[in-house]
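There are 2 protein chains.
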Amino acid sequence: MKVRILPDNITVDAQAGEQLLEVISRAGLLIDASCGGAGVCGQCRIKIEKGEVSSELGIQQSEDEYKQGWRQACLSRIKTDLEIFIPEDSRVEREFVEQKHLAPKGQFLTEEEIANLNPDWKKEPPVQKLYVELPPPKMDDNRSDLQRLVRGLRQRYGLRRVSVDFPVLKRLARVLRENDFKVTATVVRTRGEDDTGDKDLQRGARKPKLICIESGDTRARHFSLAFDIGTTTVSGQLLDLNHYRSLATINQFNGQIRFGADVINRILYANKPGGMAQLQKAVVDTINEIIEILLKKTGVKRNEISHITAAGNTTMAHLLLGLNPKWIRLYPYVPVANIFPPVRAQELKINLEEWVHLYMMPCVSSYVGGDIVSGVMAAGIYKRPELTLYIDIGTNGEIVLGNQEWMLTASCSAGPAFEGGGIKYGTHAAPGAIERFSLDPKTCQARYQTIQHAPARGICGSGIINITAELLRLGFLDQNGKINLNIKSPIIRDGPDGPEILIAPAKETSIGEDITLREMDFDNLIRAKAAMYAGFRTLLSEGGLKPENLDMLMIAGNFGSYLDIENAITIGLLPDMDRNKIKFIGNGSLLGAKLVSFSNELLDDSEKIARMMTNIELSENMNFMDNYIAALFLPHTEEKLFPSVFPKIQQGRSGENPCVRMLKEVKA
Amino acid sequence: MKVRILPDNITVDAQAGEQLLEVISRAGLLIDASCGGAGVCGQCRIKIEKGEVSSELGIQQSEDEYKQGWRQACLSRIKTDLEIFIPEDSRVEREFVEQKHLAPKGQFLTEEEIANLNPDWKKEPPVQKLYVELPPPKMDDNRSDLQRLVRGLRQRYGLRRVSVDFPVLKRLARVLRENDFKVTATVVRTRGEDDTGDKDLQRGARKPKLICIESGDTRARHFSLAFDIGTTTVSGQLLDLNHYRSLATINQFNGQIRFGADVINRILYANKPGGMAQLQKAVVDTINEIIEILLKKTGVKRNEISHITAAGNTTMAHLLLGLNPKWIRLYPYVPVANIFPPVRAQELKINLEEWVHLYMMPCVSSYVGGDIVSGVMAAGIYKRPELTLYIDIGTNGEIVLGNQEWMLTASCSAGPAFEGGGIKYGTHAAPGAIERFSLDPKTCQARYQTIQHAPARGICGSGIINITAELLRLGFLDQNGKINLNIKSPIIRDGPDGPEILIAPAKETSIGEDITLREMDFDNLIRAKAAMYAGFRTLLSEGGLKPENLDMLMIAGNFGSYLDIENAITIGLLPDMDRNKIKFIGNGSLLGAKLVSFSNELLDDSEKIARMMTNIELSENMNFMDNYIAALFLPHTEEKLFPSVFPKIQQGRSGENPCVRMLKEVKA
Ligand code: FES
Ligand code: FES
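Note that the protein sequences, when read in sequence, are chains Y and F. Those letters in the first sequence? Residues 1 to 668, by this note's numbering. Those letters in the second sequence? Residues 669 to 1336, by this note's numbering.
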C-alpha cells in the first residue's frame, strides 16, 4: 500500500495494519510525539485526506475534529492507500535555532569568562599524533614492523607499554614503506578497556593505545569532535587539537524526538520490539548529519579526526551505546553502567574512520548523567571553595550543589512544560515560537515576539515563563495560577476548557488557530517549576544550607540560555537571590566534552568528579515532598523566600497599567 | 555464461574473459594449484568437453594433450558456455586422512609420554567461568549493574582491575535479572591489547577481561578450541576446560591450497587484487567447517565455547588475521608483527559467539612461526637440560636446537618435494597415495601400498622417501640419484623425460596413466633433503656442536608422522644416530595450542620461548651453503656421517635380492 504525505508530497510504501506514526517516521519526517506513541499527548495529529484508517477517537480530540478527518497517527492503522496531511504544529523542525541571548549582559559569561572557570589545566589531549623516523629494516635488525614502531616510539617519546589496535596492524606494513619508514602514529590515552569504576584504578593507569598510523608527518592537522547528546537537542563541535579551539558548532534536534519527548517515553519505546535499534539509529543519524555539516563547514577531512567525546544523561548514553535503559526508570533505578568502555565509533555506525573511538563521559546514577559531570567539570566547581548551585533546567531538571570538597546531586522530574510539552500550544524553541509577551497599553491587546519573527506557531518554554510572570504582575493570574475573571480584558475569555488567555489570534498564526494559555497549562508550569525549586531547596537542606548561603548559581543547558532571570524568579523557578551571583554558562555538557578533548588531566578529573558526587534520590525524600507542595504557588507559599517578588505582584495588582486600570473603571 | 563441471555436474555462472581456475574455485571445488595459478605447476589440468576458451599451451603440456582438449585452468579464459571435466588428479580431497603410524613402536610417543614432555604446569585455563550470587539492587545500593558485578567478582574471587568487553554490557542488565542476580561470568586472561612484544611486559601483567555473562551457574560446561593452521592441513581440536582433555580432533586440507601449495605462492597470491581477502576467507571457511564437525561430533553447543587458540607459521598467522605477508618473503624478511593482539573471532568471520577471542601463538621471525614456538613449548625443550633438535619437515622445514638455556632456530626452504610437489606423480597424503614400496622377489615387479588401499593416484612425500631408499639399497639408484641403466629390470625404462622407474602401471591406477619416478623427481627430493640436513647441521655448528652431541631428535608435523626413520636416514634426511633418541611427537603445534588453552603459565611460557629464540638466517649463512652442497648425495658425501647406511648400500649393490641378481646374470 502507498501513503502519500502532504504537503511534502512524499509517497511511502506501507503494509495494511501498520501504525501510521511509524510509516511517517520511516518517510524521514520528524513528528512531535512526546508520549512516544502512547496516544496521550495528542501531538501526532494528522488529517486523512483520502483513504481509510482504523482508528479511535483520541483523548485529546473533539468529535468534530474526528469527523473532519483529524486523527492521532499513533492510534491509526492503515487499511487502504492513503493521502494524509501533516500540519506544521505536529512537526519538529529539523534544524535547531540558537537564539540571541536575551538576559542582561554580565549574566551570560563570555567565552573567556567560561574558559576561566576551570583554569590552569595541562594542555595534553588524550589523543596525540607522534611523528617518528624509523631506521629501515636490515638483515641484522629485521624485527617485525610493529616491534620497530614500538621501539621508535619508546626511544623518541618515552612511550611505554603501548598497546595496539588491531586495524593498525592491517595497514602498518604498507604505511611504513610508503615514505621510507617516516610515520605519524596516533595514540590515544583515554581509559583503556580496563576501567569499570573500580576504585583501584587511579590516575596514571591509562596506557597509550596505538590507533592509527599514517605515512609522513601529518601532525599539522589534528582534530576531534565533542558532542552533547541532549534528550531534545544534539550539539556537536569540531575541535582543533593543535590550537585548542573549536572551529564550529552545530545543533540539531535529536532524531529520537519522534519516539517520545522525554527520557521516560524513550525508555518505554526502547522496550518495544525493535525499539532499541530504532532509537540508537535515530541519534546516530543525527550525529552523522552534524558531522557532515561540521566537515563541510570547516573543510576538515574525515580522516583528520581522531576521536570523539560525548556527554549525555544516563539514558542518552545508554541509548547511544545500545544498552538497555529499562531499569533506569524502575525502582531502585539501576543503570547498566555509569562508566563505559571506549567503543569504536564505527561499531555504533558513526561515520568516522575505523580507528576513531568514542569516549562517553561517566555518569553518576540513573538520573545524574555525564552531561552534568561534564558541566560541573567545565565550570570548575570541584576546584573552588565557593558554594555553587549548578542547575540544568529541563524535563529532567538536574541539580548539583557543592564545592571542592563535596558535591550533592539530584534529578527532579519536572515534566515537559519547560520544553513546551503538556501545554496545549506549547512548542519547541524553533522559529515561530512565542518567547516574549506584554500588553499593549493602548489597545490592551497582547503583544508578542516570536523566534526569528516567524508567524506564531506556539509558545516555547521560556515564553510560557515570561507570559506567566507578566500575567502575574498584571494580576491577570492569581498566585494559584487561576485566571482572574474579574478583569475584563479582550485577552481573557472562556474557552472550551474553561478560562483562557488569548496570546495570538488565529489570523496572525501559521497554524490557523488562536494560540491561548489555559488554566491547565499554568498548572503544568507551576508543577514543573515547583519540582525544580523543591529540588535545589532539598539539596541545600541536605547540606544544612539555605539559598542565602549560595555563592553562585550556574544555569546550564539550552533552555537556560533563553531564560529571563527576573521572570524566572517572579514565578518562583529560581531563588530570589543577588542577580549578580546568577550566571549562564550555556551548554556545560558540550563545554566539558570539549575540555576533556584537550586535556588528559581534565579527563581524569571528570572521572574523579563522578566518583565524588553523592546522589540524593528525591522521589524517596520526605523533605522534597514538603518542599514541593510549598512551591505549588506563584512564586511560593513562603513570602520571606521571595522578598523582591511579592511587592511587585502587589504593585501590579494595585495597578498602574492602563489595561488593569481599565478593568477597575469597568468594575467601579 | 554457464560453466558445467563434470563429473560433479555442478553449473556456475561466469563472465566472458574470466579465468577458469577462479570459476572452478567459486564452485567450491578444490583444485590443486601449487603454483597459485602462475601456469607453471601444471596441476590445474582440466579438459574442455564443450565450448571454447582462449588459452595457450601450458609448459607442462604436450601438443597432443592440448589437441585432445586438455588445458591448464589458470591459463584459460572463458569465451562461451562451457562443459569441462576435472580429473581426479587435479583435485584436492577435502578430507584429510590421518594414517596409522608406520614407524616402529617406541619412536611414536604415546599420549601419556607426550603429556610428560612438559610436566608440572599449573592447571589454570586463561579463560575461566566464575559463578557469583550478587545481592539484588536496593535503594541504598543502586550502583550500576556493572559495578555490582565487578564488586561481586572482587569479593568472591579477588579479581581486580577487571576490564569489560563491550558486548557484555549489552546483555548485562537482562542476564542479571533472569535468575535473581545469580550469574556466571566468563573471564579471559590472555594478553590484553597491550603487548607488542615489548620487553617491559612480564608475567603477571595480564589483566582479566570480562567477555561473557550468563544467567545461573553454567560452569559445568566449558570448552575451547585449539587449532594448528598448517600451510597444507588445518587441524582443530575441541577441548574440555573442566577436565583438561580433548574431545575430538579434525584435520582438513587448508582451503588456501587452491591458491598455491606453499607460503611463497600464497604470499604472491595475497598481493594480487582481492587476493588477501580470498586467502583469508579460504582458511576461515576451513576453520568453520572443522568447527561444525567438532560441534556435531561432540554435542557441544556453540555458546559453550569461550575461546580459540591458534598456532601457525608466520605467513599463516598473517593470512588468517588479514595482515599483508608481502615483506615476509622480501629481503630482509620482515613480518608485520610477531606477537598479535587478541582479535574477536567474529571479526575474522569465524562462526563462534561474539565474545570469543582468538589468541594467535607468537612467532619469532618471518620463517620461524608460532607453530614452532607452540611445538617447542609442548615438547618442554625449554625446561630440560638435554640438547634437543626439534624439526618439522615440510616445504619450509623448521628447525630448533637448544635446551633450557638457549635456543637457535632456522627455517630452510626445502621446496615442495616432501608434500609431493615438483614430482610428476607426487600427491598429497590422501587416499590412493603410494606410501610403501618393495620389489616382488618372484616377479621383480614393483609392489606398493596406497593410503587406505585405494587405487593409486600418485606418490606422497613419505612414499617417495621410502621408494628412494629402497631403490638405493637395491642399487637401482646410484648415490647421485641417477637410475642405473645397467640393471635390466621390468621397472626401469626410458620415458619421455629420460630414464624412469615404473611404480604402478596405468591399469592399476585411478588416473589411467603409469605412475613413475623420473631422475628429475629424485633430484628434487635430494635437494629437499639436503636443505633440511644442511639446516640442522648448520645450527649445530653455530652452537659449536655435532650430530653426536644430540640427546634427542624430535620430529613434529603431519609429514613427520608418516616418515620411516630408517629410510629417512638411508637417504640422508635425518642424521645417522641412535634410533632410540629419535621421537615423533605428531602435531606439536596443535599440542602446544592445546596446552596453552589449559594453562596461563604455559601461555606465558610460550611468549618467553618466542623471546628466547635466536633466529639464524640460513640463506645468508656461508656455512649453510657448504653443508648443502655436501648433502647433495645419497645419503651424504661424507661417509663417516652415515656409518650405518653405507654398508647397507654396498650390501644391496653386491646384492642378494633375486631381482638384482637377475641383472647380474643377464650382464654376465
Ligand atoms: S498521542 Fe500520538 S504520539 Fe502522543
Ligand atoms: S599451472 Fe595452473 S595452477 Fe599451476
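Idealized CB from N, CA, C, for every residue including glycine.
Give the range of the beta strand (DSSP E) segment to which residue i is assigned.
i	result
F/S693	Unbroken run through F/S693 is the alpha helix (DSSP H), L688 to R694; no beta strand (DSSP E).
F/I1160	I1160 to G1163
F/D809	Taken as a continuous stretch (DSSP letters only), F/D809 belongs to no beta strand (DSSP E), as it is neither H nor E.
Y/N251	R245 to F253
F/Q924	First-last for F/Q924: undefined, no H or E at that position.
Y/M407	M407 to S413
Check whether the Cβ atoms of residue i and residue j sit closer than 9 Å, and answer yes or no.
i	j	result
F/G980	Y/K170	no
F/Q796	F/A741	no
F/G1225	F/G1256	yes
Y/A530	Y/I629	yes
Y/I211	Y/H357	yes
F/E1054	F/M1220	yes
F/L1213	F/I1223	no
F/F1105	F/N1152	no
F/T1184	F/G1163	yes
Y/G315	Y/S366	The amino acid occupying residue 315 of chain Y in the given sequence is Thr; Gly does not appear at that position. Contact flag set, yes.
Nearest to residue i by CA position, among the options, is which residue?
i	options	result
F/I955	F/I973, F/L878 and F/G923	F/G923
Y/F166	F/S1209, F/Y1027, F/P941 and F/N677	F/Y1027
F/F1086	F/R1115, F/V1036, F/R1012 and F/L1241	F/L1241
Do you know offhand how far residue i's Cα is from residue j's?
i	j	result
Y/G543	Y/L618	14 Å
Y/A593	Y/S306	15 Å
F/R739	F/E781	51 Å
F/S1178	F/D1108	22 Å
Y/R160	F/S758	53 Å
Y/Q497	Y/R518	Correcting the residue identity first, residue 497 of chain Y is Asp in this sequence and not Gln. Using only the alpha carbons, I get a separation of about 7 Å.
F/L674	F/E1269	53 Å
F/Q1319	F/E1307	15 Å
Y/Q68	Y/I571	39 Å
F/I1018	Y/W121	46 Å
F/A1299	Y/R219	56 Å
F/L1076	F/I1049	12 Å
F/R889	F/D908	8 Å
F/I678	F/V671	8 Å
F/Y1201	F/A853	51 Å
Start and end of the alpha helix (DSSP H) containing residue i?
i	result
F/G1038	G1038 to A1046
F/V708	Careful: F/V708 lies outside any alpha helix (DSSP H) and carries neither H nor E.
F/N1134	G1129 to L1142
Y/D604	N600 to M612
Y/Y562	It is not in any alpha helix (DSSP H) - Y/Y562 carries neither H nor E in the DSSP assignment.
F/I1067	First-last for F/I1067: N1064 to G1070, but that is the beta strand (DSSP E), not the alpha helix (DSSP H).
F/T1206	E1187 to E1210
At least one CB of chain A closer than 9 Å to the CB of residue i: is that the case?
i	result
F/M1280	No chain A appears in this structure, whose protein chains are Y and F.
Please list, in chain order, the residues of the region 1192–1208 of chain F that have any C-beta partner in chain Y closer than 9 Å.
none
Residues of the region 554–570 of chain Y with a CB closer than 8 Å to any CB of chain F: list them in chain order, please.
none
Could you name the residues of the region 977–1011 of chain F whose beta carbon sits closer than 8 Å to any beta carbon of chain Y, in the order they occur along the chain?
L989, G990, L991, N992, K994, W995, Y999, P1000, Y1001, V1002, P1003, V1004, A1005, N1006, I1007, F1008, P1009 and V1011
For the region 141–152 of chain Y, which residues have a CB atom closer than 9 Å to at least one CB atom of chain F, in sequence order?
Of all residues in the region 141–152 of chain Y, D141, N142, R143, S144, D145, L146, Q147, R148, L149, V150 and R151 have a Cβ within less than 9 Å of some Cβ in chain F.
Residues of the region 169–183 of chain Y whose Cβ lies closer than 8 Å to any Cβ of chain F, in chain order
L169, K170, L172, A173, R174 and R177
Can you give me, in chain order, the residues of the region 1282–1308 of chain F that have a beta carbon less than 7 Å from any beta carbon in chain Y?
E1285 and E1288
Identify each residue in the region 1010–1031 of chain F for which the Cβ-Cβ distance to at least one residue of chain Y is less than 7 Å, and report them in chain order.
V1011
Looking at chain Y, which residues of the region 673–693 of chain F have a Cβ within less than 7 Å of any of its Cβ atoms?
none
Counting only Cβ-Cβ distances shorter than 7 Å, please list the residues of the region 792–807 of chain F near chain Y, keeping chain order.
P805, K806 and M807
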